[in-house]
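Asks:
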Amino acid sequence: MCGIIGYIGKRNAVPVLLYGLQRLEYRGYDSAGIAVVDNENGKILIEKQVGKIKDLQEHLWGRNINGHLGLGHTRWATHGSPTVENAHPHISQGGKFAIVHNGIIENYMELKKYLQEKGYKFKSETDTEVIAHLLEDEYNGNLLDTALKVAKKLEGAYAVGIISTEEPDKIIAIKKGSPLIIGLGKEENFIASDIPAVLEYTKDFIVLEDGEVALITEDNVEVYNLEGQKVQKKPLHVTWDVSVAEKGGYKHFMQKEIHEQPRTIGDTLAGFSSSKNEELFDMLKDINRLYIIACGTSFHAGLVGKFWIEKFARIPVEVDYASEYRYRDRIIDEKTAVLGISQSGETADTRFALLDAKKEGAKTIGLVNVVGSSLSRESDYVLYTYCGPEIGVAATKTFTAQLVTLLLFALEAGLKRETISKEEYDKIHEALLHIPSKVEEILKKDDEIKDIAYKYMNATDFLFLGRNINYPIALEGALKLKEISYIHAEGYPAGEMKHGPIALIDEKLPVVSVIPKDRFYEKMFSNVQEVKARKGKVISVATQDDEKIKELSEDVIYIPQTEDILYPILTVIPLQMLSYHIATLLGKDVDQPRNLAKTVTVE
Ligand code: G6P
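Residue numbering for the sequence shown is 274 to 876, as defined by my numbering.
1. Measuring only the C-alpha atoms, how far is Val-323 from Ser-304?
2. Give the range of the alpha helix (DSSP H) segment to which Phe-585 is assigned.
3. Does the distance from the CB of Gly-764 to the CB of Ala-776 come in under 8 Å?
4. Please go through the same chain and pick out, in chain order, the residues whose beta-carbon is closer than 7 Å to the beta-carbon of Asp-400, but skip the five residues on each side of it.
5. Ignoring anything shorter than 4 residues or poking outside the stretch 755 to 832, list the alpha helix (DSSP H) runs there in chain order.
6. Would you check if the distance between the CB atom of His-374 and the CB atom of Asp-864 is smaller than 8 Å?
7. Quick check on the DSSP output: the alpha helix (DSSP H) that includes Arg-296 runs from which residue to which?
8. With respect to the alpha helix (DSSP H) encompassing Ala-630, which residues constitute its N-terminal and C-terminal limits?
9. Taking the C-alpha atoms as reference points, what is the distance between Met-770 and Asn-731?
10. Taking one C-beta from the stretch 394 to 412 and one from the stretch 460 to 468 each time, how about it: are there three or more such pairs within less than 8 Å?
11. Thinking C-beta only, is Ser-646 closer than 8 Å to Ser-617?
12. Indicate, with yes or no, if the ligand G6P has a heavy atom lying under 7 Å from the CB of Thr-620.
13. Taking the straight line between their C-alpha atoms, what separation do you get for Asn-800 and Ala-543?
14. Using CA atoms only, rank isn't needed, just tell me which of Leu-407, Leu-416, Asn-415, Ser-437 is closest to Leu-427.
15. Evaluate Tyr-727 with the Cβ neighbour count: other Cβ atoms within 10 Å of its Cβ, from every protein chain shown; 16 or more gives buried, anything less gives exposed.
16. Please determine, among Asp-540, Ser-548, Ile-582, Ile-701, the residue with the shortest C-alpha to C-alpha distance to Ala-560.
17. Please confirm if the stretch 287 to 295 is in contact with the stretch 491 to 505, defined as three or more CB-CB distances below 8 Å between the two stretches.
18. Given Val-655, which residues of its chain have a CB within under 6 Å of its CB, disregarding the five upstream and five downstream residues?
19. Less than 7 Å separating the Cβ of Ser-365 from some heavy atom of the ligand G6P?
20. Using the Cβ count rule (16 or more neighbours within 10 Å means buried), how would you classify Trp-334?
21. Would you identify the three-state DSSP class for Asp-734, choosing helix, strand or coil?
22. Is Ala-683 closer than 8 Å to Tyr-659 when the C-beta atoms are compared?
23. How long is the line joining the alpha carbons of Glu-836 and Ile-701, rounded to whole angstroms?
24. Would you say Gln-616 touches the ligand G6P, meaning its beta carbon is less than 7 Å from a heavy atom?
25. Using the Cα positions of Val-480 and Thr-816, report the straight-line distance between them to the nearest angstrom.
26. How is Ala-432 classed by DSSP in three states: helix, strand or coil?
27. Terminal residues of the continuous alpha helix (DSSP H) containing Lys-700?
28. Quick one: Cα of Ile-454 to Cα of Ile-693, how far?
29. Gly-569: beta carbon under 7 Å from a heavy atom of the ligand G6P?
30. Check whether the Cβ atoms of Glu-439 and Leu-417 sit closer than 8 Å, and answer yes or no.
31. Would the beta-carbon of Tyr-299 fall within 8 Å of that of Lys-325?
32. Hey, how far is the Cα of Trp-513 from the Cα of Glu-533?
33. Between Asp-410 and Ser-437, what straight-line distance do the alpha-carbon atoms span, to the nearest angstrom?
34. Smallest Cα separation from Leu-706: which of Gly-665, Lys-717, Arg-536, Ala-635?
35. Given Phe-232, which residues of its chain have a CB within under 6 Å of its CB, disregarding the five upstream and five downstream residues?
36. Do three or more CB pairs link the stretch 617 to 632 to the stretch 478 to 494 at distances below 8 Å?
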């Protein structure tokens with residue numbers, strides 16, 4: 274994981290690096306550092322701190338560091354614990370090369386041994402430090418040439434930024450596996466792990482592909498492949514506003530992102546219709562098996578998607594965690610498609626599982642939020658959610674946008690495959706158009722949900738129950754609570770409860786039941802009765818005007834009525850809000866929960 278930033282231009286690099294690091298902090302936040310070539314003496318100055326970016330800022334407070342060239346890094350530890358020594362940037366023994374790295378160098382032990390035998394002394398336990406010493410060892414008077422040589426020695430996935438006192442008018446950027454973009458400014462250029470980090474300064478970007486190396490000066494960018502041949506790149510222009518990546522009056526990004534959902538659902542609906550990918554739906558006509566692979570919240574979206582795709586498009590669907598799918602004996606032939614769902618489009622497990630399936634002959638589809646991300650480029654077909662950047666580590670707005678896209682995908686495929694009628698398609702489409710205003714109504718219950726959160730915030734365990742298409746929502750509700758409040762929570766299919774988890778129920782266990790008025794209502798009602806009979810504290814998410822559910826529930830959060838199959842897009846909203854409020858009442862850092870990172874680019 275980790276976040277990388279780099280600057281070359283007329284400004285002082287320090288504030289640019291710190292600003293960028295703040296935007297990248299969601300990628301890791303156990304330690305951070307910057308390296309600049311000091312304007313006064315031309316030497317590389319490195320400052321690092323354990324903790325968050327604000328700790329680094331405090332450490333730099335009042336210091337007069339000036340440099341027009343620099344690198345910054347925010348870390349999520351893989352090799353070596355979060356200490357100042359292990360924090361990036363790392364510097365070569367002679368102090369002439371500084372580097373930042375995101376990824377894992379798999380053959381670092383071997384390289385380290387080789388360098389130690391040559392007399393290099395290592396200061397950190399990281400895999401990264403070998404790159405700095407290798408650069409010094411190989412330097413031949415040409416930084417680009419040396420970087421190419423070093424890159425060929427590195428195995429694994431990485432994005433690297435390099436600066437040197439020997440050629441203080443350049444940044445070298447190398448990408449293989451981990452994301453890296455170049456921001457194009459006027460008499461200044463940037464490198465970063467993602468676009469929002471430098472959106473303040475430019476809206477024009479070059480997205481590096483695996484195996485590409487960039488030579489970046491103040492007024493020029495050249496991209497090469499690992500063989501040293503020039504590659505022509507087409508810049509990407511983004512239309513996002515900086516404010517999309519700001520909190521905009523909300524206390525936390527997560528809160529803002531929960532409240533943005535009426536807009537992001539609407540944008541995703543509009544975006545899907547305006548960029549309909551005819552080739553994709555033609556391809557789906559002949560498919561007889563679909564695998565959905567994803568991680569975390571995206572996996573839960575996939576579980577909901579299975580219900581829709583099987584119902585409307587009549588394609589058998591299997592949903593798997595990407596990390597499991599990658600290593601199983603899947604069955605792929607020319608009629609198999611694999612859909613990888615990933616907000617970031619950079620999750621290593623999802624990307625590599627999809628690439629493996631592609632090699633075996635599957636047609637691959639990516640469903641991503643981040644435009645230009647690796648998964649979007651590696652898939653044969655791409656679907657986008659239209660959410661703008663999601664900064665809170667716990668996914669919220671991208672989950673509901675993924676649901677909307679999966680439903681539209683299922684409907685379109687159904688039409689093409691002639692497994693649904695145009696009337697049915699229109700009826701659901703019409704109902705979908707009302708979803709944003711229904712989400713708006715749920716969001717108005719913020720205070721009510723906060724009061725419920727207050728009642729249960731000290732529970733040590735939670736159970737979430739749902740059936741059928743709302744069972745994945747129970748899983749997602751439990752995941753949200755675990756991620757940000759650190760309370761143990763489990764999601765279960767309500768019908769399965771009697772086969773084990775019912776043993777857990779007592780008067781101390783809050784049980785969240787997802788019980789909209791759909792065709793499973795009566796069955797779900799019986800399951801909730803079983804909880805009540807054992808004195809569990811029931812919090813129900815139910816359809817408005819359902820008076821009966823009050824008999825069983827301690828608390829009820831009402832949602833508006835909709836079509837049965839659309840309920841997951843509504844039922845998840847109160848669960849996001851409940852987790853948010855429990856976590857904030859407990860004083861937890863909801864935007865940057867401990868041990869987590871937004872984008873996991875390691876296996
Ligand atoms: C990390 C995040 C989760 C996210 C998962 C998948 O674990 O903390 O919130 O759901 O990655 O991310 P993706 O970008 O592939 O959807």
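Here a beta-carbon is modelled for each residue, glycine too, at the ideal position from N, C-alpha and C.
Replies: Checking against the coordinates, here is how it stands:
1. 4 Å
2. Per DSSP, Phe-585 belongs to no alpha helix (DSSP H) and is neither H nor E.
3. no
4. His-352, Ile-377, Ile-378, Tyr-381
5. 794 to 806
6. no
7. 286 to 297
8. 621 to 632
9. 24 Å
10. no
11. yes
12. yes
13. 39 Å
14. Leu-407
15. exposed
16. What sits at residue 560 in the sequence shown is Ile, not Ala. Nearest C-alpha to Ile-560: Ile-582.
17. no
18. Gly-639, Ser-649
19. no
20. exposed
21. strand
22. no
23. 8 Å
24. yes
25. 45 Å
26. strand
27. 695 to 706
28. 42 Å
29. yes
30. no
31. no
32. 15 Å
33. 13 Å
34. Arg-536
35. Here the chain has residues from 274 to 876 only, and residue 232 is not among them.
36. no
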